[in-house]
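Scroll down for the structure; my scribbles are underneath it.
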Amino acid sequence: MSFQPSMQHQLRARTLYVVAVAAGLLLACAAPWLAWREADRQAYDTESGIVLDYARDVQHRADETASQADVALRRLESTGVPPCSAPSLAIMREIDLTSSYIQAVGHLKATAVDCSSLGSDPVDLRGASFRTSSGVTIYKAVRIGTGRPASVLGIRRGDFIVFVHDDLPLDTWTRTPEVALGVLHLEDHSFRMTRGSIDSAWLERLGGHPAVTFVEDGRLIAIVRSQHYLTAAAAATPVAYLHHRAAALAWRFVPAALLGGMAGAAAILLLLRRELSIETA
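So in this note's numbering, spot 85 of the sequence shown is number 71, and the numbers just go up one at a time.
Given below as structure tokens:
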């Protein structure tokens, strides 16, 4: 019976040792893993923020284009002068010259443009079109006169129409040429203005959110909904940029976390030895 306290002490020491070793191993392993997860999180936050900025810039340009078209159409509808008269044509030419996104302005009789700021240049409206819930008809690819872009976007309300170059909303700076940009209509997913490969199916990810980011098919994608119009802008970059940034951060975080974890594990063992030495003293 005289050895019972000694046996109890040994059992307690072994138990504490096992717990300390387990805690040390957990700390040594968990710290690098948490550091890697933090590197992934920071990389995603940074890269998704960059892609979101691209999408927001495109959406801002698309909204500005739509706003200029709306202002031009309202002005033409409220002039009170006969369509295609000299004063009406002068207003059309002024709108054409002073608007940064508008390429031309015209008046329609039925489905034909009977006059425009282009003068006698022909305007072909036989391409695909759709009518939005706001009463605007959008012509997807309109061919206008010589010296102008090969095809433009037509925005019609009532008897007036404005033409905008569909590349202008996408004319934004990006850090690499591999970035894809686009403007999508929320009511007709077949309508889109794009630079690079943009998938209209991405709109399903947007749902009712103002903006969303996600990874799909090897790309980091951002979708931003317009606050004023029935459109959304998309931007996509190769996911390799995300992986590269995560790896660069991990090279900084993981070794430091590993050293910290090992130091913590060593501290636990040292505290255990100190505790046991005090008890045996």
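Positions of the beta carbon are idealized from the N, C-alpha and C atoms, including for glycine.
Note that the structure is a prediction, hence the values are computed from the model and not measured.
C-beta contact flag for residue i and residue j at 9 Å
i, j, result
"Phe177", "Lys126", "yes"
"Val169", "Thr217", "yes"
"His175", "Ser183", "no"
"Thr180", "Leu189", "no"
"Ala220", "Ala208", "yes"
"Val165", "Ala222", "yes"
Reduced DSSP category for residue i - H, G, I as helix; E, B as strand; rest coil
i, result
"Ile130", "coil"
"Arg47", "helix"
"Ile207", "strand"
"Leu104", "coil"
"Arg112", "coil"
"Phe(-11)", "Model confidence at Phe(-11) stands at a pLDDT of 49, short of 50, so the residue's coordinates are unreliable and nothing is read from them."
"Gly193", "coil"
"Arg178", "strand"
"Leu94", "strand"
"Ile124", "strand"
"Val57", "helix"
"Thr160", "coil"
"Glu24", "helix"
"Thr32", "helix"
6 Å CB neighbourhood of residue i in its chain, flanking five on each side removed
i, result
"Ser103", "Met78, Arg79, Asp82, Ala90, Val91"
"Met(-13)", "In this predicted model, Met(-13) has a pLDDT of only 47, less than 50, meaning its place in the structure is not dependable; the value taken from the coordinates is given anyway. So the list is empty, once near-sequence residues are dropped."
"Ala25", "Ala232, Leu235, Ala236, Phe239"
Rounded straight-line distance, which links the Cα of residue j to that of residue i
i, j, result
"Ala232", "Thr162", "18 Å"
"Pro73", "Phe149", "20 Å"
"Ala76", "Gly140", "20 Å"
"Ala58", "Val99", "16 Å"
"Leu93", "Ala29", "The identity of residue 93 in the sequence shown is His, whereas the question assumes Leu. So the alpha carbons of these two residues sit roughly 52 Å apart."
"Gly144", "Ala48", "22 Å"
"His214", "Ser53", "9 Å"
"Thr97", "Gly194", "36 Å"
"Val201", "Ile36", "14 Å"
"Pro69", "Asp153", "29 Å"
"Ser85", "Leu62", "14 Å"
"Thr199", "Cys101", "45 Å"
Own chain residues within Cβ distance below 7 Å of residue i, not counting five before or after
i, result
"Arg211", "Leu192, Pro196, Ala197, Ala218"
"Pro155", "Val44, Arg47, Ala48, Thr51, Val169, Met179"
"Ala41", "Ala208, Ile209, Val210, Ala219, Ala220, Ala221"
"Ser115", "Thr123, Ile124, Tyr125, Lys126"
Cβ neighbours of residue i in the same chain (closer than 8 Å, five flanking residues each side left out)
i, result
"His151", "Tyr87, Gln89, Pro135, Val138, Leu139"
Review point. Of all the beta strand (DSSP E) runs that stay within the bounds of the segment 132 to 156, which reach a length of 3 or more residues?
Key: 138 to 143, 146 to 150
Practice item. At 3 residues or longer, and completely inside the segment 60 to 91: list those beta strand (DSSP E) runs for me, N to C. Key: none
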